[in-house]
Amino acid sequence: NAGVTQTPKFRVLKTGQSMTLLCAQDMNHEYMYWYRQDPGMGLRLIHYSVGEGTTAKGEVPDGYNVSRLKKQNFLLGLESAAPSQTSVYFCASSYNGPTRDFGPGTRLTVL
Amino acid sequence: AQSVTQPDIHITVSEGASLELRCNYSYGATPYLFWYVQSPGQGLQLLLKYFSGDTLVQGIKGFEAEFKRSQSSFNLRKPSVHWSDAAEYFCAVAHSTGGGNKLTFGTGTQLKVEL
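So the protein lines, in turn, are chains F and Y.
Position 9 (the first sequence) corresponds to 42 in the numbering used here; numbering is contiguous.
Position 23 (the second sequence) corresponds to 27 in the numbering used here; numbering is contiguous.
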């Protein structure tokens, strides 16, 4: 079991560029989540999905879009990156409970 | 709305000393409580969780936590800290056991271990 994997691990963007972060899990989990982690602010939920084909907004959804076309994948998109989106992004999944399995993170810098 | 407070941003302890990390939550009903640990450059790993029952819960790596409803606290403890415990620790609270529910994290406590 690879668990939760994230691609890429690091990325540098210029303001206005777009990119997609990929999260994959091989545990047949129904629920998937995207968080961002900023110093002194803990983890904040961006978007989540309760099953294939579903998405929902979290605490800080503005500037991000998500898709869950396949149960095992959850994509996070930035259409026009801004410096305020410089952060570490974590994907997580869960089967049927609040416990989360986390990926290793993606460190994104927007110049 | 539920919230979590970790009052200590940084804590430094000597190797072999005991450790207590504080966590206070705000939620009207029965909370579901968690402690996660994040080593540098890594994702979060679950240390332990409390859903119901015995208020003293044991976790991995020799950690334990005690739920005290009267104090709205869920403090993490370890009797003897090892240098490898240096990491950031996050307390979190959920309001149900459903997978789609909101899991609210505290801002974290950075633990430094002096040799």
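All residues carry an ideal CB built from backbone N, CA and C; glycine is no exception.
Measure the C-alpha to C-alpha separation of residue i and residue j and round it to an integer number of angstroms.
i         : j         : result
Y:Ala-79  : F:Leu-46  : This sequence places Asn at residue 79 of chain Y; Ala is not what is there. Going by the C-alpha atoms only, they are around 40 Å apart.
F:Arg-133 : F:Ser-127 : 5 Å
F:Gly-75  : Y:Gly-110 : 6 Å
Y:Thr-34  : Y:Thr-16  : 32 Å
F:Thr-38  : F:Asn-61  : 13 Å
F:Asp-59  : F:Gly-49  : 33 Å
F:Leu-144 : F:Phe-123 : 20 Å
F:Tyr-64  : F:Ala-35  : 17 Å
F:Phe-107 : F:Leu-55  : 6 Å
F:Ser-113 : Y:Leu-23  : 44 Å
Y:Thr-113 : Y:Lys-72  : 20 Å
Identify, in the order they occur along the chain, each residue of the same chain with its Cβ nearer than 7 Å to the Cβ of residue i, setting aside the five sequence neighbours on each side.
i         : result
Y:Gly-66  : Lys-82
F:Glu-85  : Arg-101, Lys-103, Lys-104
Y:Glu-70  : Thr-59, Leu-60, Asn-79
F:Ser-120 : Arg-69, Gln-70, Asp-71, Leu-141
Quick one, are the C-beta atoms of residue i and residue j less than 8 Å apart?
i        : j         : result
Y:Tyr-36 : Y:Gln-6   : no
F:Val-99 : F:Ser-82  : yes
Y:Cys-95 : Y:Gln-10  : yes
F:Arg-44 : F:Leu-109 : no
Y:Trp-87 : Y:Leu-48  : no
Y:Ser-74 : Y:Asn-28  : no
Residue i: which of the options sits nearest, CA to CA?
i         : options                                 : result
F:Thr-53  : F:Gly-36, F:Thr-40, F:Gln-70, F:Asn-129 : F:Thr-40
Y:Leu-51  : Y:Glu-92, Y:Asn-28, Y:His-14            : Y:Glu-92
F:Ala-125 : F:Gly-136, F:Ser-117, F:Thr-119         : F:Gly-136
F:Ser-117 : F:Gln-70, F:Leu-55, F:Gly-36            : F:Gln-70
F:Ala-115 : F:Asp-95, F:Asn-129, F:Gly-130          : F:Asp-95
State buried or exposed for residue i, treating a residue as buried only when at least 16 other CB atoms are found within 10 Å of its CB.
i        : result
Y:Asp-58 : exposed
Y:Asp-89 : buried
F:Gly-73 : exposed
Y:Leu-25 : buried
Y:Gly-45 : exposed
Which same chain residues end up closer than 8 Å to residue i when comparing Cβ atoms and leaving out the 5 residues on each side of it in sequence?
i        : result
F:Leu-78 : Tyr-66, Trp-67, Tyr-68, Gly-91, Glu-92, Val-93
Counting only the same chain and skipping the five closest in sequence on each side, list residues whose C-beta sits under 6 Å from that of residue i.
i        : result
F:Ala-89 : Tyr-81
Y:Gly-20 : Ser-84
Y:Phe-38 : Lys-53, Ala-96
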